[in-house]
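Chemist: Residue numbers for the sequence shown, in my numbering: 18 to 270.
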Amino acid sequence: MTLEELKSLFLGYCRKEDGAPDKQLFGLEYENFVMVPNNKDGEECFHPLPVEGESGVFRVLENLVELTQNSDDPLEKVYEKDMLLALISPAGSKITVEPGGQIELSDAPRKSLLDAYNSLQDYLKLLEKAVSDFKGKLLFQGVQPIHSLDKLPFFPKNRYRIMFQHMLKTGTLGQWMMKGSSGVQVSIDYASLEDLQRKFIFLNRLSPFLTAMFANSPLNAGSPSGFLSYRSHIWENTDNSRCGLPEIFLRDS
Numbered sequence: 018m019t020l021e022e023l024k025s026l027f028l029g030y031c032r033k034e035d036g037a038p039d040k041q042l043f044g045l046e047y048e049n050f051v052m053v054p055n056n057k058d059g060e061e062c063f064h065p066l067p068v069e070g071e072s073g074v075f076r077v078l079e080n081l082v083e084l085t086q087n088s089d090d091p092l093e094k095v096y097e098k099d100m101l102l103a104l105i106s107p108a109g110s111k112i113t114v115e116p117g118g119q120i121e122l123s124d125a126p127r128k129s130l131l132d133a134y135n136s137l138q139d140y141l142k143l144l145e146k147a148v149s150d151f152k153g154k155l156l157f158q159g160v161q162p163i164h165s166l167d168k169l170p171f172f173p174k175n176r177y178r179i180m181f182q183h184m185l186k187t188g189t190l191g192q193w194m195m196k197g198s199s200g201v202q203v204s205i206d207y208a209s210l211e212d213l214q215r216k217f218i219f220l221n222r223l224s225p226f227l228t229a230m231f232a233n234s235p236l237n238a239g240s241p242s243g244f245l246s247y248r249s250h251i252w253e254n255t256d257n258s259r260c261g262l263p264e265i266f267l268r269d270s
């Protein structure tokens, strides 16, 4: 495929027939860690959610299905061969598992930020119930703050197996990005290709300030990392070919 063909394909995908404000939507992806209690030497401490077992990833997914089976938006199972991989809902939401056992909500598109917020709060309450039978706790951090990389679980999705080894070739912290980080991604709509360009440039220029405002990962492997956002540091050392802010992304033309 030539460069011109790629441009045509991209513009054809992005071009909107109707970008009226009342037709524009918001999209939200939300990841967080789950911690499981572990009584050691008579003291209760927590370790990352494992993949297997009665207090593991698969158990959480099964609990979520059970909790929603009689609701207006029941979750359904998605498999990769014989392995439970994810959950989807009729409304368009999807719950997946990241490489280190992080639970991720890819929410259905919403008409307003308030709708997205309310949907997120409903999901978090549901997830808290799903981990409550083994006294699990949700951890809201950009990076796993206590445990080293080798102590974190690995969710055996085929794509993750390939990516995990590939990350050794692209940077020094790509495997940390996969297993030890979590975040929030927000997608906003646009009215036209010109509006898309304007918003894309503006948000790229704004991104360093957003990183500073929402920094939430000062610890790494149990010690101060030297960064308020160690997650940002991880991404800067993951893969220079697809991370960072190329100068062309900041231009007006």
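Yeah, the Cβ is synthetic: ideal placement off N, Cα and C, and Gly gets one too.
1. How many whole angstroms separate the CB atoms of S110 and L122, which I take to be in contact at a CB cut-off of 8 Å?
2. Go ahead and label R248 buried or exposed: buried means 16 or more other beta carbons lie within 10 angstroms of its beta carbon, across all protein chains shown.
3. I want to see whether chain C comes within less than 9 Å of Q138, judged by CB atoms only; does it?
4. Is the stretch 38-56 touching the stretch 203-217 in the sense that three or more CB pairs, one from each, lie closer than 8 Å?
5. Does the distance from the CB of N233 to the CB of G159 come in under 9 Å?
6. Just checking, does the stretch 209-221 make contact with the stretch 137-157 on the three C-beta pairs under 8 Å criterion?
7. Can the beta-carbon of D124 be found less than 9 Å from the beta-carbon of Y47?
8. Taking DSSP as the reference, what is the three-state secondary structure of P170?
9. What ranges does the alpha helix (DSSP H) occupy inside the stretch 87-171, keeping only unbroken runs of at least 4 residues that lie completely in it?
10. When you compare the stretch 184-191 with the stretch 252-265, are there three or more beta-carbon pairs, one atom per stretch, that lie closer than 8 Å?
11. Going by DSSP, what residue range makes up the alpha helix (DSSP H) through S25?
12. Could you spell out where the beta strand (DSSP E) holding S249 opens and where it closes?
13. Could you spell out the range, first to last residue, of the beta strand (DSSP E) harbouring I273?
14. Using three-state DSSP, classify V77 as helix, strand or coil.
15. Taking 8 Å as the line, does the beta carbon of F63 fall inside it for any heavy atom of the ligand ATP?
16. How long is the line joining the alpha carbons of S88 and N237, rounded to whole angstroms?
Modeler: On the basis of the supplied data:
1. Contact holds; Cβ gap of about 7 Å.
2. With a threshold of 16 other beta carbon atoms within 10 Å, R248 meets it and is buried.
3. This model lacks chain C altogether, as it is built from one protein chain only.
4. Short answer: they touch.
5. The Cβ-Cβ distance between N233 and G159 falls below 9 Å.
6. By the criterion of at least three beta-carbon pairs nearer than 8 Å, the stretch 209-221 is not in contact with the stretch 137-157.
7. Yes; because the gap between Cβ atoms is below 9 Å, this pair is in contact.
8. DSSP places P170 outside both helix and strand once states are collapsed to three, so it counts as coil.
9. Within the stretch 87-171, the complete alpha helix (DSSP H) runs of at least 4 residues are 130-149.
10. Result yes; three or more Cβ-Cβ pairs closer than 8 Å.
11. Unbroken alpha helix (DSSP H) run through S25: 20-31.
12. Taken as a continuous stretch (DSSP letters only), S249 belongs to no beta strand (DSSP E), being part of the alpha helix (DSSP H) at 247-253.
13. In the structure as shown, the chain starts at 18 and stops at 270, and residue 273 therefore has no counterpart that could be examined.
14. Note: V77 maps to helix in three-state DSSP.
15. The ligand content of the structure shown is nil, which means the ligand ATP is not present either.
16. The alpha-carbon atoms of S88 and N237 are separated by roughly 40 Å.
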